[in-house]
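J.: Numbered according to our numbering, the sequence shown spans residues 760 to 945.
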Amino acid sequence: MGKDKLKRAFHSLCGDYGEFLDDLAQATHPNDERIGLALFKIDEAYAAADGLRQESQQIQRKLLNELLSSCHELESIMLRVDLIERFVGQLLQTMRELEKRMEIMNRVASSVFYPSKSVTNLFRSFSAKHGIPNTPLNNVEWSPVAFDFDTKELMNKLKQTDAREIGVSTSSSLHESAVDAGSQIA
Numbered sequence: 760m761g762k763d764k765l766k767r768a769f770h771s772l773c774g775d776y777g778e779f780l781d782d783l784a785q786a787t788h789p790n791d792e793r794i795g796l797a798l799f800k801i802d803e804a805y806a807a808a809d810g811l812r813q814e815s816q817q818i819q820r821k822l823l824n825e826l827l828s829s830c831h832e833l834e835s836i837m838l839r840v841d842l843i844e845r846f847v848g849q850l851l852q853t854m855r856e857l858e859k860r861m862e863i864m865n866r867v868a869s870s871v872f873y874p875s876k877s878v879t880n881l882f883r884s885f886s887a888k889h890g891i892p893n894t895p896l897n898n899v900e901w902s903p904v905a906f907d908f909d910t911k912e913l914m915n916k917l918k919q920t921d922a923r924e925i926g927v928s929t930s931s932s933l934h935e936s937a938v939d940a941g942s943q944i945a
């Protein structure tokens, strides 16, 4: 019989403990619901964050590709700018060389384009009327005109400039000019 009492006591304790657990479960039920809701929201937030992470990675890849293509385009533009700078540099160098040549030509040609007094007088003599004014043109006799280009003033101007640069000889003898021409060819 002692066993029956023990069984009953144990049953009663188990019943009390079950009621206690039920009461405890009912007391913690709202907290469990809140914890479950919080875990659900955490899962939703995690899923949203994961979606945003994937979307941001896709956007980042797209932007990196666009940035890379922009860098390639910029590099291409810079290469073209370098080519243009080289071309402009060569053009500038050519222009400077041409300016130097033009200066030399201008110095040499100034004696021809800006004639001395003797050349001006020569040109005036061409424009002056010669002969008998009332004589018809059929009876006019033409004679060759001799030019003296060995004037001192013209020769001095040619010697002051480097006349050899344009191939003009300032020597008075044929032998010296032939020697100069031979040395220039050699």
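Ideal Cβ placement from N, Cα and C applies to all residues, glycine included.
Keep in mind it's a predicted model, so treat the numbers as computed, not measured.
For Cys773, count the other beta carbons within 10 Å of its own beta carbon; 16 or more makes it buried, fewer makes it exposed. Which is it?
T.: Result: exposed.
J.: Between the alpha carbons of Lys800 and Pro789, how many angstroms are there, rounded?
T.: Near 16 Å, if we compare the C-alpha coordinates of Pro789 and Lys800.
J.: Given Gly777, which residues of its chain have a CB within under 8 Å of its CB, disregarding the five upstream and five downstream residues?
T.: Same-chain partners within the cutoff: there are none.
J.: Is it buried or exposed, Leu765, if we count other Cβ atoms within 10 angstroms and call 16 or more buried?
T.: The residue in question, Leu765, is exposed, as its Cβ has fewer than 16 Cβ neighbours within 10 Å.
J.: Rounded to whole angstroms, what is the Cα-Cα separation between Gln852 and Phe885?
T.: Going by the C-alpha atoms only, they are around 44 Å apart.
J.: Alpha carbon to alpha carbon, how far is Asp802 from Thr787? Give it in angstroms, no decimals.
T.: Using only the alpha carbons, I get a separation of about 22 Å.
J.: Please classify Val867: is it buried, with 16 or more other beta-carbons within 10 angstroms of its beta-carbon, or exposed?
T.: When all chains shown are included, Val867 counts as buried.
J.: What separation, rounded to the nearest whole angstrom, lies between the Cα atoms of Arg793 and Leu833?
T.: Their Cα atoms are separated by approximately 57 Å.
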